[in-house]
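Structure first, then comments.
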Amino acid sequence: MASSSHNPAILFRRTLSLADSSGFVLCYDSISQTSHAVVNEVVHNISGTMDSNIIYIAFETLNRPSFATNFIDVNEIGFSKAIETVQSLLPSTTPNVRSKNLVVVDSLNHIALPDLPSFISSLVAPHVTLLATYHKDLPEGSPKIGLDNYPTAETLLQFMATSIFDIEPLLPSALDATELRESIEKFHIPRGLNKLQFKVNFTNRRRSGRSLIYELLVDTQTHTYEVFQHNEDENQEETPEMLQDLTTFNLSTSAKQKEAKDQVALPFLEAQSEFAGGTAIVYEYEKDDDYDEEDPYEDPY
Numbered sequence: 001m002a003s004s005s006h007n008p009a010i011l012f013r014r015t016l017s018l019a020d021s022s023g024f025v026l027c028y029d030s031i032s033q034t035s036h037a038v039v040n041e042v043v044h045n046i047s048g049t050m051d052s053n054i055i056y057i058a059f060e061t062l063n064r065p066s067f068a069t070n071f072i073d074v075n076e077i078g079f080s081k082a083i084e085t086v087q088s089l090l091p092s093t094t095p096n097v098r099s100k101n102l103v104v105v106d107s108l109n110h111i112a113l114p115d116l117p118s119f120i121s122s123l124v125a126p127h128v129t130l131l132a133t134y135h136k137d138l139p140e141g142s143p144k145i146g147l148d149n150y151p152t153a154e155t156l157l158q159f160m161a162t163s164i165f166d167i168e169p170l171l172p173s174a175l176d177a178t179e180l181r182e183s184i185e186k187f188h189i190p191r192g193l194n195k196l197q198f199k200v201n202f203t204n205r206r207r208s209g210r211s212l213i214y215e216l217l218v219d220t221q222t223h224t225y226e227v228f229q230h231n232e233d234e235n236q237e238e239t240p241e242m243l244q245d246l247t248t249f250n251l252s253t254s255a256k257q258k259e260a261k262d263q264v265a266l267p268f269l270e271a272q273s274e275f276a277g278g279t280a281i282v283y284e285y286e287k288d289d290d291y292d293e294e295d296p297y298e299d300p301y
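According to this note's numbering, the sequence shown holds residues 1 to 301 in order.
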């Protein structure tokens with residue numbers, strides 16, 4: 001039987017079922033593929049295993065999800081009051097706590113950049129898993145005075161997260177990533193997005209600090225996960241044989257031509273041979289060179 005540490009699909013399933021101690025699971029989503037299906041997949045994997053306490057913190061969601069044990073609307077009670085409410089709903093840290101406590105945040109984009117670290121650290125605990133979403137399509141606001149050298153929210157979240165789900169749609173053959181981005185920037189949403197089958201760039205960070213990145217194909221309809229297989233035509237390297245019968249001239253380089261190319265003396269190589277004079281370019285002036293003596297920009301010296 002394959003070990004979960006070497007099988008990306010098993011490791012991904014263990015992360016979804018909260019079997020591994022992953023305190024902060026970060027979901028990157030976009031308009032083309034939201035994290036709604038991933039959140040439902042987490043709920044599906046933890047349901048039926050043992051008692052689960054799911055607290056939903058809503059910045060954008062208006063209606064309470066059916067799986068939420070407690071629903072907290074930040075717009076109604078305020079940001080600071082919401083943190084106090086969540087902490088009061090979580091059990092104390094005791095060895096006999098066997099229930100799975102999941103805190104779901106629908107959007108981290110609405111939290112001010114200086115408040116992000118304290119917000120995450122106040123909710124993450126050994127018996128609590130934080131599952132939060134960050135929208136990549138939303139532009140980040142300009143930093144306040146004194147925070148010019150502060151890292152961006154995306155960089156900060158990547159540093160704090162123990163597992164990252166970067167969700168991408170499965171694009172049709174007639175559409176590539178560049179065309180999709182340009183269409184979304186113009187608010188032209190193509191059809192065929194936000195399907196039940198999508199791609200996840202799964203980053204798992206071990207306790208040693210090493211990060212393992214996998215590409216997985218997720219089907220939330222059948223609840224199956226497998227390693228994403230790239231198109232063989234996209235990964236095929238170009239060889240001289242591929243250029244045959246396509247042109248009327250030779251595009252390949254023979255070994256003799258490569259050797260002659262390497263033996264060409266370039267004027268700047270002599271300048272780089274000395275340690276102190278690496279910035280100078282050696283140029284030997286010839287008497288036949290034509291230049292304007294009155295123009296300082298054409299002075300060879």
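Note that beta-carbon positions come from the ideal geometry of N, C-alpha and C, so glycine has one too. All figures in this text were calculated on a predicted structure; none of them were measured in a lab.
For V86, which of helix, strand or coil comes out of DSSP?
helix
For K258 and T129, what's the separation of their Cα atoms in angstroms?
58 Å
With distances taken from CA atoms, which of R205, N109, F159 and E294 is nearest S30?
N109
Extract the residue ranges of the alpha helix (DSSP H) inside the stretch 146-179, only unbroken runs of 4 or more that lie entirely within it.
153-160
Which residue from T203, K195 and T222 puts its Cα closest to that of L11?
T203
Between G48 and E182, what straight-line distance do the alpha-carbon atoms span, to the nearest angstrom?
43 Å
Thinking just about the alpha-carbon of each residue, which of I57, Q87, P65 and T69 is nearest to the one in N75?
I57
In three-state terms, what does DSSP make of N204?
strand
Quick test of the definition: if touching needs 3 or more C-beta pairs under 8 Å, does the stretch 52-66 touch the stretch 209-216?
no
Taking 8 Å as the threshold (C-beta atoms), are K199 and F159 in contact?
no
In the DSSP output, which residue or residues are listed as bridge partners for A132?
L26 and V105
With DSSP as the reference, identify every bridge partner of F71, one or two as the case may be.
Y56
Helix or strand or just coil, what does DSSP make of K199?
strand
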